[in-house]
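**Q** Per the UniProt record's numbering, the sequence shown runs over residues 1 to 409.
My questions all concern the structure below.
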Amino acid sequence: MKKRRWAGIMLFLAVMGPGIITAIVDIDAGGVATYSLAGAHFGYTLIWSLIPITIALIVVQEMCARMGVITGKGLADLIRENYGVKITFFILLAIFFVNLANIISNFAGIAASSEIFGVKKYLGVPLAAMIIWLAVVKGTYKSAERIFLVVCVLYFAYIISGVLVKPDWAQVSKEIFIPSFNFRSSAYTVMLVGLVGTTIAPWMQFYLQSSIVEKGISIENYKHSKLDVISGTIVAKVFALFIMVACASTLFKNGIRIDTAADAAMALEPLVGKFCCYLFAFGLLNASLAAASIIPLSTTYSICEGMGWESGVNKRFNEAPQFYIIFTGLIVVSALVVLIPKFPLILGMYISQVINGILLPFLLIFILLLVNKRELMGGYINSKAFNFIAWATVVVMIVLSAGMLFTIF
1 MKKRRWAGIM LFLAVMGPGI ITAIVDIDAG GVATYSLAGA HFGYTLIWSL
51 IPITIALIVV QEMCARMGVI TGKGLADLIR ENYGVKITFF ILLAIFFVNL
101 ANIISNFAGI AASSEIFGVK KYLGVPLAAM IIWLAVVKGT YKSAERIFLV
151 VCVLYFAYII SGVLVKPDWA QVSKEIFIPS FNFRSSAYTV MLVGLVGTTI
201 APWMQFYLQS SIVEKGISIE NYKHSKLDVI SGTIVAKVFA LFIMVACAST
251 LFKNGIRIDT AADAAMALEP LVGKFCCYLF AFGLLNASLA AASIIPLSTT
301 YSICEGMGWE SGVNKRFNEA PQFYIIFTGL IVVSALVVLI PKFPLILGMY
351 ISQVINGILL PFLLIFILLL VNKRELMGGY INSKAFNFIA WATVVVMIVL
401 SAGMLFTIF
């Protein structure tokens with residue numbers, strides 16, 4: 001019995017990676033900014049949203065993981081094969097620009113957090129870009145995954161920050177289980193869409209499925225891959241909870257308004273001391289570095305799969321030239337944009353998260369149509385419960401997006 005249990009643990013550790021990395025790295029610079037803004041501007045009142053969002057994310061991620069294992073193909077590949085090149089092109093075009101905005105926002109996060117530690121962005125950003133490029137281009141999938149898993153562990157800085165500010169846990173619990181709503185406020189609705197957009201981002205589905213395919217996870221190991229997805233999502237949302245709690249317990253309580261996650265880190269210093277400020281800033285730097293590596297990879301995977309080009313970190317340049325050219329281009333362009341003086345990075349960061357939320361339901365429709373195709377998935381199509389949660393997520397996102405646009409315009 002002990003041998004079987006130990007074998008199961010070892011098998012999970014071998015399969016572990018794609019689900020945990022995708023879910024945790026989703027808390028990027030834009031994500032940290034959105035969670036910080038939610039806590040600083042709305043206190044604990046939006047914490048309740050993390051529960052339904054977490055359930056929806058588990059369902060969506062599990063569907064993509066299952067498609068990757070069963071079909072052995074990436075999401076863009078499946079969309080192209082089943083719905084044609086034209087539809088795939090327009091989906092990828094939209095995702096390319098949204099992801100580019102996300103990558104830029106993460107290099108902005110690197111710049112802002114570096115300067116808190118006394119490193120000018122003109123040194124910090126190029127250095128980070130070079131490290132990211134070398135880690136991915138000069139390594140293998142296995143070595144890159146190990147680096148990303150180490151980075152995921154460093155996210156615990158946010159839990160420490162959340163504990164240090166001594167939040168009112170009774171009030172936090174009340175807002176989770178007996179929430180108060182304010183849908184009449186356009187700011188509240190926009191923030192809710194932003195929270196969903198930053199939590200269930202379109203790039204995640206492409207990266208997760210592609211990385212599962214590249215890792216070569218078999219049907220026999222699928223249950224361990226499923227556990228990887230579920231555990232990664234839960235841990236990621238615990239990190240998100242502590243970011244919101246840290247900002248709500250300090251900034252909201254003292255009426256301090258912020259625009260970015262870096263503002264949140266700086267504002268924490270006079271309230272709870274330098275250590276907490278630096279810890280929060282370190283969390284932002286770590287999150288930005290991780291996402292500035294993963295999102296370009298996800299974008300590159302998507303484009304190459306959608307266009308039928310060779311892709312993969314394990315392939316050499318002469319085997320997959322488009323893959324490496326696109327990946328390098330995304331990093332270089334994003335880093336250069338951040339170095340432009342007075343570029344409106346804050347606005348771009350926030351808008352990219354909201355656009356994520358608007359794009360999500362349309363991508364989910366394609367995922368649902370594919371995962372319910374019996375000729376594609378065989379006996380691994382969705383259960384009724386999964387379909388209910390997934391379609392409910394689509395409907396809720398369309399309603400929220402429409403409500404947000406109506407209140408704004």
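All C-beta atoms in this analysis are idealised placements derived from N, C-alpha and C, irrespective of residue type, glycine included.
Values in this document were obtained by computation on a predicted structure and should not be read as measured data.
Ordered along the chain, which non-local residues of its own chain (more than five positions away) have a Cβ less than 8 Å from that of L364?
**A** Counted from its first residue, the sequence shown places residue 364 at position 364. Result list for L364: V60, A390, T393, V394 and M397, in chain order.
**Q** Just to confirm the assignment, what range does the alpha helix (DSSP H) spanning V196 have?
**A** Against the sequence shown, residue 196 aligns to sequence position 196. Where V196 is concerned, the enclosing alpha helix (DSSP H) stretches over S186 to T199.
**Q** Output needed for I295: all residues of its chain with C-beta closer than 6 Å, excluding positions within five of it in sequence on either side, in chain order.
**A** Taking the first residue of the sequence shown as 1, we reach residue 295 at position 295. N99, N102, I103 and W203, listed in sequence order.
**Q** Apart from the five residues just before and just after Y301, which ones in its own chain have a Cβ nearer than 7 Å to its Cβ?
**A** The residue given as residue 301 occupies position 301 in the sequence shown. G74, F206, Y207, S210 and S311, listed in sequence order.
**Q** Roughly how many angstroms separate the alpha carbons of Y222 and I55, rounded to a whole number?
**A** Stepping through the sequence shown from its first residue, residue 222 is reached at position 222. Stepping through the sequence shown from its first residue, residue 55 is reached at position 55. Cα-Cα distance, rounded: 19 Å.
**Q** At a cut-off of 7 Å, is I159 close to the ligand ATP when judged by its beta-carbon and the heavy atoms of the ligand?
**A** The ligand ATP is not among the ligands present in this structure, which contains no ligands whatsoever.
**Q** Rounded to whole angstroms, what's the CA-CA distance from N318 to C304? Just pull it up for me.
**A** In the sequence shown, counting from the first residue as 1, residue 318 sits at position 318. In the sequence shown, counting from the first residue as 1, residue 304 sits at position 304. Straight-line Cα distance between these residues: approximately 14 Å.
**Q** Let me check understanding here. Comparing Cα to Cα, which of V399, L400, L368 and R374 lies closest to A385?
**A** Here residue 385 refers to the residue found at position 385 of the sequence shown. Per the Cα distances, L368.
**Q** Taking N387 as the reference, give the member of I256, K174 and N372 with the closest Cα.
**A** Within the sequence shown, numbered from 1, the residue matching residue 387 stands at position 387. The option with the nearest alpha carbon to N387 is N372.
**Q** Give the secondary structure of E220 by DSSP, where H, G and I count as helix, E and B as strand, and everything else as coil.
**A** Looking up residue 220 in the sequence shown gives position 220. Reduced to three states, the DSSP call for E220 is helix.
**Q** Please state the DSSP three-state secondary structure of I53.
**A** The count along the sequence shown starts at 1 and reaches residue 53 at position 53. Helix at I53.
**Q** For the stretch 185–203 against the stretch 41–55, do three or more pairs of beta-carbon atoms, one drawn from each stretch, fall closer than 8 Å, so that the two count as touching?
**A** Here the stretch 185–203 lies against the stretch 41–55, with 3 or more beta-carbon pairs under 8 Å apart.
**Q** What's the gap between the Cα of V399 and the Cα of F117?
**A** Taking the sequence shown and counting its residues from 1, one reaches residue 399 at position 399. Taking the sequence shown and counting its residues from 1, one reaches residue 117 at position 117. So the alpha carbons of these two residues sit roughly 42 Å apart.
**Q** Inspect the beta-carbon positions of S113 and P167 and report whether they are closer than 8 Å.
**A** Start at 1 with the first residue of the sequence shown, and residue 113 comes out as number 113. Start at 1 with the first residue of the sequence shown, and residue 167 comes out as number 167. No; because the gap between Cβ atoms is not below 8 Å, this pair is not in contact.
**Q** Where does the unbroken alpha helix (DSSP H) through residue 462 begin, and where does it stop?
**A** An answer regarding residue 462 cannot be provided, because it is not within the stretch 1 to 409 covered by the chain.
**Q** Quick check on the burial criterion: 16 or more other C-beta atoms within 10 angstroms. Buried or exposed for L339?
**A** For the purposes of this step, residue 339 is taken as residue 339 along the sequence shown, with counting starting at 1. Label assigned to L339: exposed.
**Q** Among the residues of its own chain, which have a CB less than 7 Å from the CB of E175, if the five just before and after it don't count?
**A** Here the question's residue 175 lines up with position 175 in the sequence shown. So the qualifying residues of the chain are Y44, T45, I47 and W48.
**Q** With DSSP run on the structure shown, which of helix, strand or coil describes V119?
**A** In the sequence shown, the residue the question calls residue 119 occupies position 119. Three-state DSSP puts V119 in coil, outside helix and strand.
**Q** Would DSSP call I104 helix, strand or coil?
**A** On the sequence shown, residue 104 is found 104 positions in, with the first residue counted as 1. Here I104 sits in helix by DSSP.
**Q** Is it buried or exposed for L134, if we count other Cβ within 10 angstroms and need 16 for buried?
**A** In the sequence shown, residue 134 corresponds to position 134, counting from 1. Exposed, since its Cβ has fewer than 16 Cβ neighbours within 10 Å.
**Q** Tell me whether I132 sits in a helix, a strand or coil according to DSSP, three-state version.
**A** Here residue 132 refers to the residue found at position 132 when the sequence shown is read from its first residue. The answer is helix: DSSP assigns I132 an H, G or I state.
**Q** So, for F282: in the same chain, excluding its five sequence neighbours on each side, which residues have a beta-carbon less than 7 Å away from its beta-carbon?
**A** The residue labelled residue 282 in the question sits at position 282 within the sequence shown. So the qualifying residues of the chain are A157.
**Q** For a quick check, are the C-beta atoms of D28 and T199 less than 8 Å apart?
**A** Numbered from 1 along the sequence shown, position 28 holds the residue referred to as residue 28. Numbered from 1 along the sequence shown, position 199 holds the residue referred to as residue 199. No; because the gap between Cβ atoms is not below 8 Å, this pair is not in contact.
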